[in-house]
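K.L.:
2 protein chains.
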Amino acid sequence: MTTVTLQVKGMSCQHCVNAIEGALGKLTGVSGAKVDLDSNQVTVSYDETQVRIEKVKETIEEQGYDVV
Amino acid sequence: MTTVTLQVKGMSCQHCVNAIEGALGKLTGVSGAKVDLDSNQVTVSYDETQVRIEKVKETIEEQGYDVV
């Protein structure tokens with residue numbers, strides 16, 4: 001299991017939190033996703049044998065946010 | 069038909085726009101609702117014989133925003 005914290009731009013409210021945590025939560029191999037609005041960070045725990053970090057970043061960007 | 073522009077606090081992104089416009093759109097008597105994020109304003113057109121402005125404000129507040 002790997003845990004990575006990403007810096008993400010554009011997250012502004014609880015709807016954004018729900019959109020990102022919800023989308024990441026549906027990814028196979030992701031066991032946890034937590035958004036911190038104050039620090040603009042998304043912390044994701046995932047199984048490297050099941051999902052790649054590129055897919056995680058792509059999923060965040062598909063929701064309309066920029067991974068820095 | 070009456071059109072009122074309300075000052076609303078806490079709207080930050082497109083999710084907020086969708087939440088407010090969606091909730092107001094479902095109210096009987098409301099024929100139009102438009103959020104302007106830049107000015108923090110919500111403009112609502114409604115039929116005074118079908119819905120009161122208090123109900124409009126209440127609906128916005130139920131979505132988690134403050135009507136000033």
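Chains as they are written, first to last, in my numbering: chain A, 1 to 68; chain B, 69 to 136. Virtual Cβ for every residue (Gly too), placed ideally from N, Cα, C. Given the structure is predicted, the values throughout are model-derived calculations rather than measurements.
Give a yes or no on whether the minimum CB-CB distance between Ser12 (chain A) and chain B is below 7 Å.
P.N.:
Locating residue 12 (chain A) in the first sequence gives position 12, counting from the first residue. Yes, contact with chain B.
K.L.:
State the Cα-Cα distance for the pair Lys77 (chain B) and Ser113 (chain B), rounded to the nearest angstrom.
P.N.:
Translated into positions along the second sequence, residue 77 (chain B) becomes position 9. Translated into positions along the second sequence, residue 113 (chain B) becomes position 45. Cα to Cα, Lys77 (chain B) sits roughly 20 Å from Ser113 (chain B).
K.L.:
According to DSSP, which residues form a beta bridge with Gln75 (chain B)?
P.N.:
Residue mapping note: residue 75 (chain B) aligns to position 7 of the second sequence, counting from 1. The partner list for Gln75 (chain B) (beta bridge, DSSP) reads B:Gln109.
K.L.:
Which word fits Met79 (chain B), buried or exposed, when buried means at least 16 other C-beta atoms lie within 10 angstroms of its C-beta?
P.N.:
Taking the second sequence and counting its residues from 1, one reaches residue 79 (chain B) at position 11. When all chains shown are included, Met79 (chain B) counts as buried.
K.L.:
Is the beta carbon of Gln50 (chain A) less than 7 Å from the beta carbon of Ile20 (chain A)?
P.N.:
Residue 50 (chain A) sits at position 50 when you count from the first residue of the first sequence. Residue 20 (chain A) sits at position 20 when you count from the first residue of the first sequence. Going by C-beta atoms, Gln50 (chain A) is not nearer than 7 Å to Ile20 (chain A).
K.L.:
Identify each residue in the region 85-97 of chain B for which the Cβ-Cβ distance to at least one residue of chain A is less than 9 Å, and report them in chain order.
P.N.:
Result list: Asn86, Ala87.
K.L.:
Tell me which same chain residues have a C-beta within less than 7 Å of the C-beta of Thr28 (chain A), skipping the five on either side of it?
P.N.:
What you label residue 28 (chain A) is simply residue 28 of the first sequence in a count that begins at 1. Excluding residues within five positions, the ones whose Cβ falls inside 7 Å are Gln50, Val51.
K.L.:
Where does Leu37 (chain A) land, buried or exposed, given buried means 16+ other C-beta within 10 angstroms?
P.N.:
On the first sequence, residue 37 (chain A) is found 37 positions in, with the first residue counted as 1. Classification of Leu37 (chain A): exposed, given that the 10 Å Cβ count is below 16.
K.L.:
Taking DSSP as the reference, what is the three-state secondary structure of Thr70 (chain B)?
P.N.:
Position 2 of the second sequence holds residue 70 (chain B). Strand, per DSSP.
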